[in-house]
Amino acid sequence: MTPLNRKKERLDGLAASTAAPAAGQAGGVDVMDPVDPVGEAGAVRDAEGVSLLASAWRRLRRNPMFIIGAVLVALFILVAVFAPLLAPHAPDDRPLIGQISASTNPIPKAQDGFPLGGDEKGRDLLSRLIYGSRQTLIVGVLATLGGLAGGVTLGTLAGAFGGWVDSVVMRVVDVLLSLPSILLAITIASLASQPSQWTVIVAIAIVQVPVFARLLRGSMLAQRSSDHVLAARSLGVKRSAIVFRHMLPNSLGPVFVQSTLALSVSIIEAAALSFLGLGNPDDSKAEWGQMLGAAQNLFDLYPHIAFWPAACIVVVSLGFTLMGESMREALDPKSRR
Amino acid sequence: MTATTTRTSRDARTSREPLLQVRDLSVTFRRSGEEPFHAVSGVSFDVQPGQTVGLVGESGCGKSVTSLAIMGLLPKRGNTVTGEAVFEGTDLLKLSPKQMRDRRGRDVAMIFQDPLSSLNPVVPIGRQVTEVMERHQGLSRKEAEPKARELLDKVGIPDPSRRLKEYPHQLSGGMRQRALIAMALACAPRLLIADEPTTALDVTIQAQILTLLKDLVQDSDTALIMITHDLGVVAGLCDEVNVLYGGRIVERADRHDLFARPRHPYTHGLLASIPRLDSARGERLNPVPGSVADNLPWDHACAFAPRCSNAVEACRTTQPELERIEGGVETPRLLRCHNPISEEA
Amino acid sequence: MSTAATETTPQDDVAVPDDVLVDVRGLKVHFPIKRGVFFDRTVGHVYAVDGMDMQIKRGETYGLVGESGCGKSTFGRALLRLEEPTEGTVLFDGVDVASLKGETLRRKRQDMQMVFQDPLSSLDPRQTVESLLLEGMQAHGLAKDGKAATARLRELLSAVGLPPAALRKYPHEFSGGQRQRIGIARALSVNPQLIVADEPVSALDVSVQAQVVNLLEELQEEFSLTYLVVAHDLAVVRHISDRVGVMYLGALVEEADADDLYAMPLHPYTRALMSAVPVPDPTTEDRRERIILAGDLPSPANPPTGCRFHTRCPWKQEERCDTERPQLRTIELEGVPGTHRVACHFAEQIQRGEIQPHEVDVSFVEQVDAQPDDATPVTVEPGAP
C-alpha cells in the first residue's frame, strides 16, 4: 500500500470522530441552547488592513514630543516659505545705515519698525533672521538628501551583494568615518576654488554619506539573514526582487529616522562652516551661521546679534531631533502592539 | 538514571499555615491613549510550605504577570497592582521597594525562562552566587565562596571550583539554568517561583532540571510556584494546578483530578488537543478553535465563550464566578463555568 | 515496502525506486568558523550536518527529530538548497538539487517549499497577505491571468481556513495560528511536491498547535504533498509522521516507521529522548522510569570520535564505541522489521538486556561561539540571497 492511500484511509476513519466533536459534553445542561463558536482559525475582522506605517503614525500622533517637534519644524518651514511676506524689509536693504558710526554705535538699537535692531551694516536683524531660514532650510535639506542618496546607494550595494563588495565599500566608509566630520567638511569646502553655498552643501552631504551607508548596510545584513528573506528565496523569487521588495523597504525605517536627525546636524554644521568663513562670501542673502560668524567681533558688547541666530539654529535643530527621536520610538518593533 | 518518586511532603503540609496567601490579585496596564488592559484580575491562591503549585495557561493568560506582581518586579509606571500577597504575615504588595529588595532572594526567589539574559554577562558565575549571600546573609566573600561551590555541586554543575570563575556565555543553556537555580537557592528561600524554567531547554535537559527542582522541593521543604504552558510538566510536578485564561483562574484542582476529569471546557480542550506520546497513533486531534484574540471581555461574558464548544447563551451575557464544585479529595476543586463538561465525559 | 539499500555511499549508483521523491546520499554541511581582522582565517568547522542518508517516499510524512544543535534545521535547509551542501547529493525526483545553479535552481524551487517556525518573522511585515501570496506565483509565471490569480488566492485562503478578507491585511494583524496558516498558504501557492516544515507548531500556543497539525494533514491529502517535518517535539512528530528519523550531532542514529520507533526505541539516545518527554498524565508520570542523560550535547565544532553519543551514553562499552563510528543498519531481532534501522554497535545486546546501563561521568562541554542550527551567528557565512 502506498503511504498516500494509507493516510487517506486513516483520515477517512477519523472524519467520523470530528463530526461530533463535543459529543456527550453538553449532557448536564439542556435548558440552554448551544452557541456557535468561532471558526477554527479564529475571527478575521472584515476591514481594510492597517500597514505598519499607518499604525506607527497612530502612535506618533499621540506623542507630545513628536507634536512639539513637528510644530517647531512646521513653523520653520512656514517662515521660510513666506519670508517675503513676513519680513518687514529685504535682507540686503540697509535702512539703518545712517545710524552706524564705527566708534560709538556700530550696531543700531532696537526701535520702532526694527524690533531687534539692526546689524553692523545697518540691515534689519529680524528680516535677516526670517530670510535666513530659507538658506538654512535649503542647505539642510539638500545636504541631507545628498547624503541620503549616496549613503543608500553604497549601503544597498554592500548589503545586497555582501562578500568583497561589502568589504570594499565598508573600508571606504570606515576611512570617511574616522575623520572628524567638521574637518572633512572644511577640507572639502576649502578644496573648492570659490567657497559658495554649494561647497557647503556638498561638504555636508559627503560627511553624511558614511553614516547613512553604515546604518543601511547594517539593517540590510540583518534583513538578509531574516526568515522572510529566506522564505522569498525558497519561493524562487528573483534576487533583484528580494533586494528591492523585501530587504530595502524593511531597512529604510532607521535610515529615514536618521535623516531627520541628520537635518539638524546639517543645519548646525552648515552654520559652523559659514561661521568659519567657508560658506558663501556674499552676505546679501542672509544665513544664520554666517550671521553668527559676522557677529563674533562685536559679541562682547552686543551679545544679542549672536544670540538670535544661535537661538534659531538651536530651536530648529531641536525640532528635527524631537521628531526624529519620536519617529524612532514609533517605528521600533519592540513598542509595537 | 533516576526513578521518579513524586509525593511531596503532603501529609505534613495540610495542617500548617499557608506560606503565601494571594488574595484577589489584580494587575492593570495603562498606556497613554489606550484602553486599560486587565492582565490579571481577582486571582487568589494559597501556597503551603513544601507544596508545588502550578499556574498553567497560554501566552497572555497572566501567569507571568502574577508572579512578577508578587515579586514586586512590575514597573511602577503605568501598572496598577491591587489585592494582597501575604507571605508569613506580611503583605508583600505593601512593602516599600527597599523592603522588597531585602526579601527578594532571601525569602522568595525566582527563576526565569531565559537563563542567559537573567545572568550578568560580565560577572563570573561564582561571583554572582556569592553576591546574593553577601547581600542577604552578611557573609564575607571568603566565607561565601565555599558555600557557592557547595551550591553549584548541589545543582549538578560538574567541577564547581572551576565553574565559579567562568562567565555565563561559557556555560551551556542547561548549565546556565542550573547556575540560576543555585543563585535562587543561595539563601535557602522558603518560596521559589519558577517562570517557564525549562521552556528554552531541550527535552533531555528539561528532564534534568525538572528532576533537580523536584528533589530540591522534597529535600528542603521549599514551596514552589511553577509557571508553565506545558501540561506535561505540570502533570509530573505540581500538587495543585491552577488553570488561567484571560487573566483569571478558570479551574483549580489536584493534578490527578484535573487530568483525569477536566471540568472546564478550556482545560478539556487543551488536553484533547495535544498529541501524546503514550496514546494510540492516528487519532485526529481536537483543536480548540480560534485564538486568544477572539476573547470576549470578562465584565459581562466568559472570555472563552467564542472558542468554547460548550458555550450557551449565558456565557455571552454574564460572567461566571469561580465556585467550589464537587470532587477533590485534598484540594477543593474550583471552577469558573456556566456549562461545565460533565463528569462522566 | 522499500527495497532501498541499507547502507549507501554517495558514489553508489543504486537505482532509486519509483516511489522515492527525495534521495539524500552522504550529505554534509560544514560551516567554517572564521576569525581575523582584515582577512578571515578559517580556524575550524562546525560539522552541522555530517553524513546524512535519507529517502523520502512520495506522499509520506518523514519526521526528523532531535535537539537544538543537532543539525536538523540545517539539514532541512540544505535539502532545499537554502544552505550550500559541502558534500553529497540530494536527488529530488531524479534531479540532483545540490548541483543546480542559477536560473535552473530558481525554477526548481517551485517544487520544494518551506514552512517556518516563527510565522511572524517569516512574513514580510510590509506586504499585504495578497502580495505575499502572489509573489511566488509571479516568480514562476503562475499569475499571468489576473482573474485566475485572484480566484487562486481565494482558493488558497479557503484551503487554509481563512476568509477572503484576510487578503488586504498585514501579517501583524493576525494571531499566531492565523499567521502560520498564511505561511502554509504561501508554500502551497506554487504547487510544490515537497514541503519542509521546520518546527511548524513550536512557536504557537498549545491550544492552536492542533489546528495547524490537522491542517497540515488535510492539505497533504488534498494536494498530494510529501512532507519533511523537522521538530523537537516527539509527540507532535509521532502524531504527524509515517516514518521518523532521530538525529544526533549531524547524523541519523535511528530510523523507523513511527509506530515501530515509539513501540521499541533501539538507540540509547532515542530511549533517553522518549523517556524525557513529559506526558500530561500524572499517573503515568509518577510511574515512569526516566533515563536522565548526564551532561550536554557536545559541540558540533568538535564532535566526539567514534559514536557521537558515546560521551553521554549510559550503555557505552569499553571498545568500539569511542573508536568506530556506527552506521545505520537493520538488526537481527525478533519483532524488528527491516525498515527499522539503528546506528549503534550494541543495539541487540542492549535490547536483550545483556548490557546494563551504568553511571556516566559528566564531562563538561565547553561552549563554542558558533552554534549554527537555530541561530545563524556572525562567524558563519550567511548564504547569499
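Chains L, Z and W, in that order, are what the protein sequence lines are. Using the working numbering, you'd call the opening residue of the first sequence number 1052 and step up by one each time. Using the working numbering, you'd call the opening residue of the second sequence number 8 and step up by one each time. Using the working numbering, you'd call the opening residue of the third sequence number 2 and step up by one each time. Where a beta carbon is used, it is the ideal one built from N, C-alpha and C, also for glycine.
- In terms of CA proximity to Z:Arg314, Z:His275 leads the group Z:Phe119, Z:His143, Z:His275.
- It is roughly 12 angstroms from the alpha-carbon of L:Ser1154 to the alpha-carbon of L:Leu1349.
- Between the stretch 227-241 of chain Z and the stretch 190-203 of chain Z, the count of C-beta pairs closer than 8 angstroms reaches three or more; the two stretches touch.
- Taken in chain order, the members of the stretch 262-277 of chain Z whose beta-carbon sits within less than 9 angstroms of a beta-carbon on chain L are Pro272, His275.
- Boundaries of the beta strand (DSSP E) around Z:Phe36: 27-36.
- The beta carbon of L:Ala1256 is closer than 6 angstroms to those of Ala1194, Gly1197, Gly1198 in its chain, skipping five residues each way along the sequence.
- For the pair W:Gly251 and W:Tyr63, the CB atoms are not nearer than the 8 angstroms cut-off.
- At a cut-off of 8 angstroms between C-beta atoms, Z:Gln213 counts as an interface residue with respect to chain W.
- L:Glu1376 has a beta carbon lying at 8 angstroms or more from every beta carbon in chain Z.
- The beta carbons of W:Cys314 and W:Pro279 sit no closer together than 8 angstroms.
- DSSP places W:Glu349 in the uninterrupted alpha helix (DSSP H) bounded by 348-352.
- The three-state reading of DSSP puts Z:Gly85 in coil, since its state is none of H, G, I, E or B.
- In this structure, L:Val1308 is the residue among L:Val1308, L:Gly1100, L:Ala1131, L:Asp1334 with its C-alpha nearest to the C-alpha of L:Gly1375.
- Here Z:His45 is bridged, per DSSP, to Z:Thr35.
- Excluding sequence positions up to five before and after L:Ile1148, its CB lies within less than 6 angstroms of the CB of Gly1173, all in the same chain and listed in chain order.
- By the neighbour-count criterion, in which a residue is buried when 16 or more other Cβ atoms sit within 10 angstroms of its Cβ, Z:Lys221 is buried.
- Contact with chain W is absent for L:Lys1172, since none of that chain's Cβ atoms lies less than 8 angstroms from the residue's Cβ.
- Taken through DSSP and simplified to helix, strand or coil, L:Val1316 comes out as helix.
- Chain-order list of chain W residues neighbouring Z:Leu292: Ala211, Val214, Asn215, His240, by C-beta distance under 8 angstroms.
- Neighbourhood of Z:Asp301 in chain L, by CB distance below 7 angstroms: Val1089, Gly1093, Ala1094, in chain order.
- Contact residues of the stretch 340-358 of chain W toward chain Z are Pro358 (C-beta to C-beta distance below 9 angstroms).
- Between the alpha carbons of W:Lys58 and W:Thr227 lies a distance of about 7 angstroms.
- Between W:Leu134 and W:Arg182, the CB-CB gap reaches or exceeds 8 angstroms.
- For the options Z:Ala191, Z:Glu247, Z:Asp285, the alpha carbon positioned closest to that of Z:Phe52 is the one of Z:Glu247.
- Neighbours of Z:Arg283 in chain W, taken as residues at a C-beta separation under 7 angstroms, are given in chain order as Ala236, Val280, Pro281.
- Any Cβ of chain L closer than 8 angstroms to the Cβ of Z:Arg314 would place that residue at the interface, and such an atom is present.
- By the neighbour-count definition (other C-beta atoms within 10 Å, threshold 16), W:Gly103 is an exposed residue.
- Interface annotation, Z:Pro296: in contact with chain L, CB-CB separation under 8 angstroms.
- As summarised for the stretch 87-131 of chain W, the continuous alpha helix (DSSP H) elements at least 4 residues long and confined to that stretch are 103-109, given in chain order.
- For W:Gln56, the three-state secondary structure derived from DSSP is strand.
- Within the stretch 54-85 of chain Z, contact with chain W at the beta-carbon level (separation under 8 angstroms) is assigned to Glu65, Ser66.
- Less than 8 angstroms separates the beta-carbon of Z:Arg37 from that of Z:Thr87.
- CA-CA distance, W:Thr129 to W:Gln139, rounds to 15 angstroms.
- By the rule that beta-carbons nearer than 8 angstroms mark a contact, W:Ala277 touches chain Z.
- Boundaries for W:Tyr63: no alpha helix (DSSP H) harbours it, while the beta strand (DSSP E) harbouring it runs 62-66, taken from the DSSP string.
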